[in-house]
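Before any comments, here is the structure.
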Amino acid sequence: MHTLSSGSATRTLRRCAAEETQDLHSRQPPSCARQARAAPSAAATGTMPQRTQHPLVHVLLFWITILTVVQVVFVALFFTNGHTSQNTKAVQADLNKQTQANNASSLSDHGTVLGQMLSFRAKPGTAVRNITWISTNGPQDLVLPQKNVLTLQADGYYFLNLQVTVYSFNPRAPLTVRLLRNGRKVLLEGPINPHTNSTGLLGKAEELTAQTELSVSIDPQAVNVNDSASVTHLDIVYMHKPRNNQS
């Protein structure tokens, strides 16, 4: 009896263990286990987009920073160059005004800054060998006529044009007309044409100084000069000599 009871008990225990094992295999895992498995998956799905978005944000911020710095540099250069250009123009304008003021003050006595044009005609009279000139421009103080001499009052460049016509003369005694500086230096020279009784137009440019005397002589004899301003005239165009060219 005792032996039978022990065998029955052993079989009963084995059956119970097998049933428990089957129950364990057939059972679903507890809710906490399911949550533990679900958590990594949820974490994985939430983390991946964040890791992808963070580098894009950094790149965007870096690009915005570069654009901002470039704009600031361009604006600074624009205003700096504009201010420098305005200062340069202002300085140049002041220099031009000062130069004009200096030229005007140095030439104020002669009524001109850039230049002046004067014209003289022969004074009517008897036969002469030295022509007396009369200004056709009215009163002026750049070239002063005194008898048969014209006295210059300013240093500068002078463009001289001369034409002398006589009424008549003996072709066998040729006449020569000369424009002299200070009575000695010949500036212009030309013969009287026996067919036109005129020298034609003689011209020359000269650099002359103040107090230079100009005179026109007819050689070798005195003749009657045609005093019409259209055929006998001495024209002078004056140009100021720049300061940096003056010796």
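Going by UniProt numbering, the sequence shown opens with residue 1, and the numbers climb by one from there. Note that the Cβ used here is the ideal one computed from N, Cα and C, for glycine as well.
Report yes if the CB atom of LEU152 is closer than 7 Å to the CB atom of LEU208, and no otherwise. yes
Could you check where the beta strand (DSSP E) with ARG181 kicks off and where it finishes? 176-181
Could you tell me whether the region 154-174 touches the region 216-235, where touching means 3 or more Cβ pairs closer than 8 Å? yes
Residue interval of the beta strand (DSSP E) (run including SER135): 133-135
Jot down the residue ranges of each uninterrupted beta strand (DSSP E) in the region 221-247, minimum 3 residues, whole runs only, in chain order. 233-239
On the DSSP letters alone, give me the boundaries of the beta strand (DSSP E) that ARG184 sits inside. No beta strand (DSSP E) holds ARG184; DSSP gives it neither H nor E.
If contacts are defined as beta-carbon pairs under 8 Å, then ILE218 and LEU187 qualify, I think. What distance do you get, rounded to the angstrom? With 8 Å as the limit, ILE218 and LEU187 do not qualify as a contact, their Cβ atoms being about 15 Å apart.
Nearest candidate by alpha-carbon position, reference GLY115, set THR196, GLY156 and LEU150: GLY156
Cutting at 8 Å between CB atoms, please list the residues of its own chain near ASN197, excluding the five before and the five after it. THR165, VAL166, TYR167, SER168, PHE169 and ASN226
Grouping DSSP H, G and I as helix and E and B as strand, with all else coil, what is ILE218? strand
Kindly indicate which residue of ASN148, TRP133 and ALA222 has the alpha-carbon position closest to the one of SER228. TRP133
Range covered by the beta strand (DSSP E) that runs through residue 248: Look at the range of the chain in this structure, 1 to 247, and you will see that residue 248 is not part of it.
Three-state class that DSSP yields for residue 250 in the structure shown: Because the chain is modelled from 1 through 247, residue 250 falls outside the range shown and cannot be assessed.
Is it right to say ILE131 is buried, meaning 16 or more other beta carbons lie within 10 angstroms of its own, or is it exposed? buried
By the three-class DSSP mapping on this structure, what secondary structure does ALA42 have? With a pLDDT of 45 at ALA42, under the threshold of 50, the modelled position of this residue cannot be trusted, and the question is left open.
Just list the residues that DSSP pairs PHE159 with in beta bridges. ALA205 and VAL237
Can you name the residues that DSSP bridges to GLY138? Looking at the DSSP assignment, GLY138 forms no beta bridge with any residue, so it has no partner.
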